[in-house]
Amino acid sequence: MRNEMERYRVRKATRSATPPPELSKHRVLSSWELLVLSKLKWDVAGVTAHDFLPLLLARLPLPALVNTDMVQRHAQTFIALAARDYEFTLYSASTLACCSIAAALRGLCMDGHLPRLRDLTGIDLDCLQTCLEQIEEMVQVMIEERVATAPNGQARAASGGWTPPPAQPKTHNSAATPTDVRDVHF
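Position one of the sequence shown corresponds to residue 3 (my numbering), numbered consecutively onward.
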């Protein structure tokens, strides 16, 4: 009878209020991360060019036929490509967003939105034009590199045409590597 009473004894309130060890470790780790970030004075909530895209696209007078989702995806691609190039570190996030949108619209044969983007952001038109030209140059270089190299890494023929695969697959009679560890000689 006594054993059964001990089994059903109510636990103390202090014991049930302690968090599990996994949660405690997570809290400690989070507090250390925040401490390191504050000591290094890093702004983890910084504004990026991606943050400007929906705001700018909503204020542009685009025709109803334009797929704004596609324009946004293209602009996001341009921003991601620009993040890999050090030359674009000179530009602010809003400048890069404006020029990425302008490049995406220019790719859809809708030129002439750069002055409106300048009015929305107050950025110098020459600066926007220079950044736009750099984005277009970067994209052109990427396209040329992509065309010059086949998916498997081999250079394509100078004619640029498609080369068919060999008529018959190569057959291998035996393995060229030893199959037994004792056959390997150092």
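A virtual CB, placed ideally from N, CA and C, is assigned to each residue, including glycine.
State the start and end residues of the unbroken alpha helix (DSSP H) segment that holds residue i.
i	result
Phe80	70-85
Val141	127-150
Cys111	Run containing Cys111: none; DSSP gives neither H nor E here.
Thr123	116-123
How close, in whole Å, do the beta carbons of residue i and residue j come, if the pair is a contact with beta carbons under 8 Å?
i	j	result
Ala95	Thr50	5 Å
Cys100	Leu127	Not quite, the Cβ-Cβ distance comes to about 10 Å (not below 8 Å), so this is no contact.
Thr97	Ile137	Incorrect: roughly 11 Å between the Cβ atoms, too far for contact.
Leu55	Gln78	7 Å
Val73	Ala106	5 Å
Indicate the three-state DSSP secondary structure (helix, strand or coil) for residue i in the structure shown.
i	result
Trp44	coil
Pro56	helix
Leu39	helix
Measuring only the C-alpha atoms, how far is residue i from residue j?
i	j	result
Phe90	Val30	38 Å
Arg108	Leu116	10 Å
Cys129	Lys27	49 Å
Ala66	Met144	31 Å
Leu58	Leu122	8 Å
Glu35	Tyr93	30 Å
Glu139	Ser33	45 Å
Asn69	His76	11 Å
Gln142	Phe80	12 Å
Ser102	Asp71	14 Å
Ala82	Tyr88	12 Å
Leu37	Val149	48 Å
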